[in-house]
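Residue numbers (my numbering): 111 to 435.
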């Protein structure tokens with residue numbers, strides 16, 4: 111009889127243990143990201159139960175695994191049931207931040223685009239492109255210059271919910287090639303090996319440029335910026351001067367070095383071939399220095415020149431620009 115009593119007591123303890131359900135573990139605050147987006151997993155140490163939520167319009171749960179998806183802002187009760195017993199957990203479902211607004215759909219390396227989100231107090235995040243926290247500006251690839259292509263931007267609210275946007279980072283065109291100097295009423299042509307872009311002159315009263323062909327025409331004395339735009343732009347400074355009996359400028363010849371630049375008192379030229387003549391011309395097209403040589407290295411005293419930009423012509427063809435400080 112005593113053994114039978116012990117058996118019933120053991121059975122009672124065994125079966126009564128099913129009435130004790132462990133607490134639900136998992137986040138108390140989630141985001142309304144929708145089904146198929148962010149999933150939040152919940153666990154109960156008691157086996158054999160199933161999961162439900164109190165409002166399927168706010169959050170839904172996988173009845174077997176306990177994976178929850180937030181659908182709309184609000185409070186929802188998550189329930190785990192084992193037999194006649196159950197345990198609950200209240201979950202706050204937070205709204206996502208407002209959609210990210212971009213000032214431009216694409217940006218260029220070393221440029222910036224303004225970002226905006228209507229939800230206050232959040233922070234910006236992006237990898238690999240560097241994003242200045244909280245100020246709404248992404249600085250292209252200034253800190254990650256190889257970050258080209260589509261980059262995912264996120265805005266994180268105070269409730270740690272995110273909105274996303276994709277911005278396209280494109281490379282700048284290569285350098286413009288051709289002469290950066292011409293005379294009034296003369297023409298030259300500029301080139302960029304990336305085709306399909308357009309040419310622009312900042313000051314058309316000084317020089318004009320055909321938007322398709324890149325042919326530049328000097329209009330008046332001065333300096334303008336010439337730009338080539340293909341999604342992004344590259345530019346050079348172009349100077350127009352008066353021609354005062356000096357032979358027209360021809361194509362640049364390789365092999366000549368000029369240093370230092372800028373210079374204060376003396377300029378040095380070195381060449382793989384003999385330098386026979388050095389002319390220095392100011393921005394008005396006036397010849398301010400002329401000397402004949404027959405050597406591969408020349409030093410010129412420029413201490414008497416006024417400060418400014420000058421052009422040097424070697425052997426009647428080779429042109430270099432320098433700054434006199």
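All C-beta atoms in this analysis are idealised placements derived from N, C-alpha and C, irrespective of residue type, glycine included.
Keep in mind that this is a model prediction, so the values were computed, not measured.
Where residue i sits in the DSSP three-state scheme
i           : result
residue 416 : coil
residue 169 : strand
residue 271 : coil
residue 177 : strand
residue 398 : strand
residue 300 : coil
residue 224 : strand
residue 433 : strand
residue 239 : For residue 239, the predicted structure reports a pLDDT of 45, less than 50, and the residue's modelled location is therefore unreliable. A value from the coordinates is still provided. The answer is coil: DSSP assigns residue 239 none of H, G, I, E or B.
residue 139 : strand
residue 162 : strand
residue 282 : coil
residue 131 : coil
residue 295 : coil
residue 157 : coil
residue 411 : strand
residue 425 : coil
Where the beta strand (DSSP E) through residue i begins and ends
i           : result
residue 379 : 376-391
residue 51  : Residue numbering for the chain in the displayed model covers 111 to 435; residue 51 lies beyond these limits and cannot be assessed.
residue 184 : 184-192
residue 216 : 216-218
residue 289 : Segment: none, residue 289 is in no beta strand (DSSP E) and carries neither H nor E.
In DSSP terms, what residue i is bridged to
i           : result
residue 150 : 178
residue 368 : 379
residue 405 : 385
residue 204 : 141
residue 277 : 261
residue 198 : 189
residue 211 : 226
residue 233 : 266
C-beta neighbour in chain B for residue i, strict 8 Å
i           : result
residue 232 : Given the protein chain composition of this structure (a single chain), no chain B is represented.
Is the segment 332-352 touching the segment 404-417, taking contact as three or more C-beta pairs under 8 Å? no
If you scan the segment 308-358 from start to end, which runs of the beta strand (DSSP E) of 3 or more residues do you find wholly inside it? 308-311, 317-319, 325-328, 332-340 and 342-351
Quick test of the definition: if touching needs 3 or more C-beta pairs under 8 Å, does the segment 274-288 touch the segment 312-320? no
Touch test, the segment 320-338 against the segment 297-305, Cβ-Cβ under 8 Å, three pairs minimum: yes
Quick test of the definition: if touching needs 3 or more C-beta pairs under 8 Å, does the segment 157-175 touch the segment 222-232? no
Inter-stretch contact (C-beta, 8 Å, three-pair minimum) for the segment 414-421 and the segment 379-396: yes
Quick check: the segment 155-164 against the segment 138-145, are at least 3 beta-carbon pairs closer than 8 Å? no
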